[in-house]
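Peer 1: Taken in order, the sequence shown gives residues 1 to 160; the numbers are from the UniProt record's numbering.
Here a beta-carbon is modelled for each residue, glycine too, at the ideal position from N, C-alpha and C.
Predicted model only: the values in this text are computed from it and were never measured.
I am attaching a structure below and will ask some questions about it afterwards.
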Amino acid sequence: MPKITPFLWFDDQAEQAMNYYVSIFKNSKVLSVNRYGDAGPGPKGSVMTANFELDGQVFTALNGGPTYLRQPFSPAISFVVHCETQAEVDHYWEKLSEGGKTNQCAWLDDKFGVTWQIVPNVLLELISDPDPVKAGRVMQAMLQMTKIDIDTLKRAYEQS
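Here you go:
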């Protein structure tokens, strides 16, 4: 068991969310599903908790009802997906934003309201460059984007 496991509270969509995420990320699987019995509080047979792994990271999803769902999820907490290639960025961006909402600078809210950042590793390298002019150009290019385009970042970095 990992030391830290993100725990996601859903009204009644834990199983759907788990299956959705497992279908998107490689090396992912359902670990366990616990269902409500006669004692409730959820309907008998419905999912209480679901444990799943996304590319090595374990998550737990709970069908806890509407107690905390006035604002179920917030961008104050997000999951960063580190990508090596533009194809990876495109894949995660397309799949996770489907039915959700895209935002500036690599952020999106999926159809369940969970916030993700789809970030190519090269972005972090380029904006950390010791040359503040190069890093600044990359930052300015990124601020114009929703989904990050690696080639555009590299062109901004290499400008003379």
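To the nearest whole angstrom, what separates the beta carbons of V119 and V81, a pair I think is in contact under 8 Å?
Peer 2: 7 Å
Peer 1: Which residue's Cα is closest to the Cα of N103: T5, K44, K95, P75?
Peer 2: P75
Peer 1: Do you know how far the Cα of F59 is from the Cα of K26?
Peer 2: If you take the alpha carbons of K26 and F59, they lie about 15 Å apart.
Peer 1: Are the CB atoms of F73 and V133 within a distance shorter than 8 Å?
Peer 2: no
Peer 1: Ignoring anything shorter than 3 residues, give me the beta strand (DSSP E) runs that lie fully in the UniProt domain "PhnB-like" (3-119), in order along the chain.
Peer 2: List check, beta strand (DSSP E) in window: 7-10, 29-35, 47-54, 57-63, 79-83, 107-109.
Peer 1: Throw me the rounded Cβ distance for the L62 and F112 pair, which I believe falls under 8 Å.
Peer 2: With a Cβ gap of about 13 Å, L62 and F112 do not count as contacting.
Peer 1: Can you tell me whether G56 is buried or exposed, with buried defined as 16 or more other CB within 10 angstroms of its CB?
Peer 2: exposed
Peer 1: For T152, which residues of its own chain have a beta-carbon under 8 Å away from its beta-carbon, when the five flanking residues on both sides are left out?
Peer 2: For T152, where only same-chain residues beyond five positions count, the Cβ hits under 8 Å are A141, M145.
Peer 1: Excluding five sequence neighbours on each side, which residues of the same chain lie with their C-beta closer than 8 Å to the C-beta of S28?
Peer 2: Y21, V22, F52, E53, L54, D55
Peer 1: Just the C-alpha distance for W107 and E84, rounded to the nearest angstrom, thanks.
Peer 2: One alpha carbon belongs to W107, the other to E84, and they sit about 17 Å apart.
Peer 1: Which same chain residues end up closer than 7 Å to K101 when comparing Cβ atoms and leaving out the 5 residues on each side of it in sequence?
Peer 2: Answer for K101: L108, D109, listed in chain order.
Peer 1: Which of the three DSSP states, helix, strand or coil, is assigned to S147?
Peer 2: First, the amino acid is wrong: residue 147 is Lys here, not Ser. The answer is coil: DSSP assigns K147 none of H, G, I, E or B.
Peer 1: Report yes if the CB atom of Y92 is closer than 8 Å to the CB atom of L126, and no otherwise.
Peer 2: Not a contact, by the Cβ cut-off of 8 Å.
Peer 1: Identify, in the order they occur along the chain, each residue of the same chain with its Cβ nearer than 8 Å to the Cβ of D38, setting aside the five sequence neighbours on each side.
Peer 2: K44
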